[in-house]
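Below is one structure, written out as structure tokens, with a few remarks after it.
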Amino acid sequence: RPFVYPIPGSSLHCGKMPLEKLAKRFKTPLYVYSADQIVERFELFSHAFEEIPHLICYSVKANSALGILRLLDKQGAGFDIVSGGELERVLRINRKAAERVVFSGVGKTAPEMDLALKAGIRIFNVESAGELELLSERARRVRRTARIALRVNPDVFAETHPYISTGLREHKFGIDIREARAVYQRARRLPGIQPCGISVHIGSQIRSATPFADAAARVVALAEELRADGIKIDSIDVGGGLGIEYTAGAKFNAKAQAEEYARQLIAALAPLKDITLLLEPGRFLVAQAGALLTSVLYVKKNGEKTFVVTDAAMNDLVRPALYQAHHEILPVVRRQGSRQIAVDVVGPVCESGDFFARDRLLPTAREGDLLAILDAGAYGLSLSSNYNTRMRPAEVLVKGATAKLIRRRETIGDLLAPELSALNIRS
Ligand code: LLP
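Under this note's numbering, the first residue of the sequence shown carries the number 22, and numbering increases by one thereafter.
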């Protein structure tokens, strides 16, 4: 993690940047990202796959900040998108990046398809027979050819939270792998459709490489059948989902993790010649590069319990509330000899689920103290809301010893504009 106390007794830094300085300058709550770590993770990943033709399509949903998309575009990354909105983000960064875009998602609409067809994206990951028919119709209408992969559901179990597991038959995602061959036959006859890939995604926050390799092996078998049928399969997309460790005690070596993942996938794909591997990592590239910086508003006791109330809340980072996810929390300034006590760290939102930690041992906090909630770079701001009419935090990207604002804090004007105009209320 880039968030460290550089010398004993010092305050928490993001690389070379003291977080206290960022809090003063940009106020809290504040998302802080290390550009250096994002680039490092990307390089580590591409290095691991360098022996085979591949394209790393960063999963935009993990963190869709334009500042981060721009950083990854400069590294040559492609992008995995799931909506017209995410495509617009990528196009704003670089129109030419369209040729590196894969479009996933179970519910693509006609306007989204048109936008992607006109932009000339690399491939559509089609998730149903109905979507295939609509895509063919739209492609003919805008006079383009849609290169497609079917997203197959390999029926592979992967150990993760049930909300983010996707590779079992009972999930809504993809097409049953046993039915895929027939759908490819239909696809090859449809005007405007060029079947040329297979895609799969089994879930998120998966720590072991084995289920990915199992899924890839099933896809390789299908690719061989399709090639025998005369369908030219030139890419396999193995999705995203490689996990990280959120708990401080757990051993985690990003390089070893990426290398093991690559080793197993490359081995599974070995039987197929002339294939490009597409990857859609999100969390692995950005989660640990980010922290949510927050100030303590109050420390209160209710009976036996101590609550640390922060100015950040579940609307800013919902992972603890939604998945009971664990995020480490560090005091920005460590006080000499301060006692550790068990506290609940909670936000101001009117829900009992509005917590960042429960019964967590933390050094005694005081009002005004700064806390850093770690590993918040993925599914943090991208999964945030304006619940309780709370303005979303600003975002800052740290490079070396400099910090750049990449998203200003929202204002009440930003939030109310769509209603004020609808109701003709002057702002
Ligand atoms: N590709 C597809 C088709 C996906 O659905 C996803 C994530 C990814 C790639 C990227 O997965 P990653 O490498 O980031 O695991 N909000 C949840 C995670 C939801 C994941 C949704 N799909 C969380 O905060 O844990």
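From the three backbone atoms N, C-alpha and C, an ideal C-beta is built for every residue, glycine too.
All values derive from a computational prediction rather than experimental measurement.
Close-in-space but distant-in-sequence residues of the same chain around residue 43 (CB under 7 angstroms, 5 per side omitted): Working through the sequence shown from its first residue, we reach residue 43 at position 22. Excluding residues within five positions, the ones whose Cβ falls inside 7 angstroms are 51, 53, 314, 417 and 424.
For residue 387, the three-state DSSP class (helix, strand or coil): The residue given as residue 387 occupies position 366 in the sequence shown. Three-state result, residue 387: coil.
Min CB distance residue 154 to chain C below 8 angstroms: Of the protein chains in the structure, only one exists, and it is not chain C.
Contact test: residue 302 Cβ vs the ligand LLP heavy atom, cutoff 7 angstroms: Along the sequence shown, one-based indexing puts residue 302 at 281. At least one heavy atom of the ligand LLP is nearer than 7 angstroms to the Cβ of residue 302, so yes.
Same chain, Cβ closer than 7 angstroms to residue 389, five either side skipped, listed in chain order: By one-based count along the sequence shown, residue 389 stands at place 368. The residues are 316 and 317.
Residues near residue 253 by beta carbon distance below 7 angstroms, same chain, minus five either side: Along the sequence shown, one-based indexing puts residue 253 at 232. So the list reads 217, once near-sequence residues are dropped.
6 angstroms Cβ shell around residue 134 - same chain, five flanking residues per side excluded: Locating residue 134 in the sequence shown gives position 113, counting from the first residue. Closer than 6 angstroms at the Cβ level, and outside the excluded window around residue 134, lie 156 and 159.
The ligand LLP heavy atom lying under 7 angstroms from the CB of residue 145: In the sequence shown, the residue the question calls residue 145 occupies position 124. Result no, Cβ not under 7 angstroms from the ligand LLP.
Range covered by the beta strand (DSSP E) that runs through residue 75: Numbered from 1 along the sequence shown, position 54 holds the residue referred to as residue 75. Unbroken beta strand (DSSP E) run through residue 75: 75 to 80.
Residue 191 versus residue 360: straight-line alpha-carbon distance, rounded: The residue labelled residue 191 in the question sits at position 170 within the sequence shown. The residue labelled residue 360 in the question sits at position 339 within the sequence shown. Distance between the alpha carbons of residue 191 and residue 360 is about 49 angstroms.
Beta carbon of residue 165 nearer than 8 angstroms to that of residue 143: For the purposes of this step, residue 165 is taken as residue 144 along the sequence shown, with counting starting at 1. For the purposes of this step, residue 143 is taken as residue 122 along the sequence shown, with counting starting at 1. Contact flag unset, no.
Beta strand (DSSP E) segments (min. 3 residues) lying fully within the segment 217 to 260: 256 to 258
Proximity winner among 38, 48 and 22, relative to residue 429 (alpha-carbon distances): Position 408 of the sequence shown holds residue 429. Out of 38, 48 and 22, 48 has the C-alpha closest to the C-alpha of residue 429.
Residue 340 beta carbon near the ligand LLP (any heavy atom closer than 7 angstroms): Taking the sequence shown and counting its residues from 1, one reaches residue 340 at position 319. Yes, since a heavy atom of the ligand LLP falls inside the 7 angstroms radius drawn around the Cβ of residue 340.
Cβ-heavy atom distance, residue 368 to the ligand LLP, below 7 angstroms: Counted from its first residue, the sequence shown places residue 368 at position 347. Incorrect: residue 368 has no Cβ contact closer than 7 angstroms to the ligand LLP.
Residue 80 beta carbon near the ligand LLP (any heavy atom closer than 7 angstroms): Translated into the one-based positions of the sequence shown, residue 80 becomes position 59. Yes, since a heavy atom of the ligand LLP falls inside the 7 angstroms radius drawn around the Cβ of residue 80.
Cβ-heavy atom distance, residue 399 to the ligand SAM, below 7 angstroms: The ligand SAM is not among the ligands present in this structure, which contains only the ligand LLP.
beta-carbon residue 101 near the ligand LLP non-hydrogen atom, thresh 7 angstroms: Translated into the one-based positions of the sequence shown, residue 101 becomes position 80. Yes, the beta carbon of residue 101 sits closer than 7 angstroms to at least one heavy atom of the ligand LLP.
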